[in-house]
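Notes for the one structure printed next.
And the structure:
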């Protein structure tokens with residue numbers, strides 16, 4: 001368990017297996033929700049999570065792989081592609097500059 | 001838009017025995033329009049076995065694995081509707097938006113789909129669409145709104 005403050009998140013990465021489906025969709029909705037905050041939202045295959053990612057959001061089924069690829073990054077696993085409470089928490093932490101436990 | 005969403009790949013009165021059958025039909029639509037090699041279909045089945053592509057509101061977005069990307073010839077979507085519904089690991093899927101993509105050409109369309117699914121009325125309209133024009137209008141109109 002680690003804590004990251006929403007203010008310190010500059011780049012959020014949505015990781016997926018192929019990076020062509022659900023991660024694209026989630027990234028587009030997050031980009032819209034976070035548009036005003038200036039946070040960069042990218043979607044990538046889980047095997048190529050960029051080094052400058054501040055937080056990684058991925059399906060719970062891929063969380064273990066994401067942790068092995070990016071052991072030093074906060075990983076937020078989710079179950080539902082649209083409207084998952086775990087993802088909503090990340091958005092709130094960024095918008096309000098509050099702490100996020102991951 | 002028309003290149004991504006070929007009317008020949010909008011099939012709104014499909015029937016499938018189960019989830020795998022539905023995915024094969026989706027994959028076949030992508031193969032039929034020349035978007036992928038036939039081998040792509042197996043990677044779609046593999047992806048679904050590892051993590052479901054159900055995204056909510058009776059919609060799934062089947063697509064291949066990372067390895068399957070090599071079998072994509074051009075970015076394209078297929079929209080298949082199963083009026084009788086297909087059991088999708090406990091959820092009922094009525095509409096599949098199948099994806100073949102190497103690049104990011106389809107991102108706007110998926111963004112539009114996300115918007116549709118977050119709006120109950122539009123999600124229902126998509127589930128009940130019987131004409132390809134309705135699907136094109138839903139995905140197309142929202143896309144313009146997102147861009148503005």
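Protein chains in written order, with UniProt numbering: chain A, 1 to 102; chain B, 1 to 148.
From the three backbone atoms N, C-alpha and C, an ideal C-beta is built for every residue, glycine too.
The structure presented is a predicted model; accordingly, all values stated were derived computationally and were not measured.
Q: Would you check if the distance between the CB atom of residue 45 of chain B and the CB atom of residue 23 of chain B is smaller than 8 Å?
A: Taking the first residue of the second chain as position 1, residue 45 of chain B is located at position 45. Taking the first residue of the second chain as position 1, residue 23 of chain B is located at position 23. Using a Cβ distance threshold of 8 Å, residue 45 of chain B and residue 23 of chain B count as a contacting pair.
Q. Can you name the residues that DSSP bridges to residue 87 of chain B?
A. On the second chain, position 87 is the one that residue 87 of chain B refers to. Here residue 87 of chain B is bridged, per DSSP, to B:92.
Q. In terms of residue numbering, what span does the alpha helix (DSSP H) encompassing residue 41 of chain B cover?
A. Residue 41 of chain B sits at position 41 when you count from the first residue of the second chain. That run of the alpha helix (DSSP H) goes 40 to 50.
Q) Is there at least one Cβ from chain A nearer than 8 Å to residue 101 of chain B's Cβ? A) In the second chain, residue 101 of chain B corresponds to position 101, counting from 1. It does; some Cβ of chain A falls within 8 Å.
(Q) Contact defined as beta carbons within less than 8 Å: I believe residue 15 of chain A pairs with residue 44 of chain A. What is the distance between those atoms, to the nearest angstrom? (A) If you number the first chain from 1, residue 15 of chain A lands on position 15. If you number the first chain from 1, residue 44 of chain A lands on position 44. Sure, about 6 Å apart at Cβ, within 8 Å.
(Q) Measuring straight from C-alpha to C-alpha, what distance separates residue 74 of chain B and residue 3 of chain A? (A) Taking the second chain and counting its residues from 1, one reaches residue 74 of chain B at position 74. Taking the first chain and counting its residues from 1, one reaches residue 3 of chain A at position 3. Each residue's Cα considered, the two are about 42 Å apart.
Q | Contact belief for residue 12 of chain B with residue 43 of chain B at Cβ below 8 Å, rounded distance in angstroms | A | As a first step, residue 12 of chain B is located in the second chain; it is residue number 12 there, counting from the start. As a first step, residue 43 of chain B is located in the second chain; it is residue number 43 there, counting from the start. Wrong, their Cβ atoms sit about 25 Å apart, outside the cutoff.
Q) Using CA coordinates, which residue listed in B:79, B:99 and B:86 is at the minimum distance from residue 133 of chain B? A) Residue numbering aside, residue 133 of chain B sits at position 133 when the second chain is read from its first letter. Here the closest residue by C-alpha is B:79.
Q: Pull up the distance between the alpha-carbon of residue 47 of chain A and that of residue 94 of chain A, whole angstroms please.
A: For the purposes of this step, residue 47 of chain A is taken as residue 47 along the first chain, with counting starting at 1. For the purposes of this step, residue 94 of chain A is taken as residue 94 along the first chain, with counting starting at 1. Taking the CA atoms as reference points, residue 47 of chain A sits about 25 Å from residue 94 of chain A.
Q: List in chain order: all unbroken alpha helix (DSSP H) runs of 4+ residues lying wholly within the stretch 37 to 91 of chain A.
A: With a minimum length of 4 residues, the continuous alpha helix (DSSP H) runs that stay inside the stretch 37 to 91 of chain A are 63 to 69.
Q. Got a sec? Which residues, its chain only, sit under 6 Å from residue 97 of chain A by beta carbon, not counting five neighbours each side?
A. The residue given as residue 97 of chain A occupies position 97 in the first chain. Closer than 6 Å at Cβ, skipping near neighbours: 6 and 7.
Q. Using a Cβ-Cβ cut-off of 6 Å (strictly less than) and excluding sequence neighbours within five positions of residue 23 of chain A, which residues of its own chain qualify?
A. The sequence position of residue 23 of chain A within the first chain is 23, counting from 1. Contacts found: 14, 16 and 43.
Q) What do you get for residue 89 of chain B, buried or exposed, if any count of 16 or more other CB atoms within 10 angstroms of its CB means buried? A) On the second chain, position 89 is the one that residue 89 of chain B refers to. In the assembly as shown, residue 89 of chain B is an exposed residue. Its beta-carbon has fewer than 16 other beta-carbons within 10 Å.
**Q.** Proximal chain A residues relative to residue 93 of chain B, where beta-carbon distance stays under 8 Å
**A.** Along the second chain, read from residue 1 onward, the residue named residue 93 of chain B stands at position 93. Listed along chain A is no residue with a C-beta nearer than 8 Å to that of residue 93 of chain B; the closest approach is about 13 Å.
Q: Decide yes or no for the touch test of the stretch 83 to 103 of chain B against the stretch 52 to 66 of chain B: beta carbon pairs closer than 8 Å, at least 3 of them.
A: The stretch 83 to 103 of chain B is in contact with the stretch 52 to 66 of chain B.
Q.
Considering just the uninterrupted stretch of the alpha helix (DSSP H) at residue 32 of chain A, what are its terminal residues?
A. Locating residue 32 of chain A in the first chain gives position 32, where the first residue counts as 1. Per DSSP, residue 32 of chain A belongs to the alpha helix (DSSP H) from 22 to 33.
Q. Can you round the beta-carbon distance between residue 41 of chain B and residue 27 of chain B to whole angstroms, since I take them to be within the 8 Å contact cut?
A. Stepping through the second chain from its first residue, residue 41 of chain B is reached at position 41. Stepping through the second chain from its first residue, residue 27 of chain B is reached at position 27. Residue 41 of chain B to residue 27 of chain B, Cβ: 3 Å. Contact.
Q: Check whether the Cβ of residue 68 of chain B lies closer than 8 Å to any Cβ atom in chain A.
A: Mapped onto the second chain, residue 68 of chain B falls at position 68. In terms of beta-carbon proximity, residue 68 of chain B lines the interface with chain A, with at least one pair separated by less than 8 Å.
Q: Within its chain, find whatever has a CB closer than 8 Å to the CB of residue 102 of chain A; leave out the 5 residues flanking it on each side and keep chain order.
A: As a working note, residue 102 of chain A is residue 102 in the first chain. The residues are 1, 2, 3, 4, 55, 74, 75 and 76.
Q: May I ask you to report which of helix, strand or coil DSSP gives residue 59 of chain B?
A: Taking the first residue of the second chain as 1, we reach residue 59 of chain B at position 59. In the three-state reduction of the DSSP assignment, residue 59 of chain B falls in the strand class, which pools E and B.
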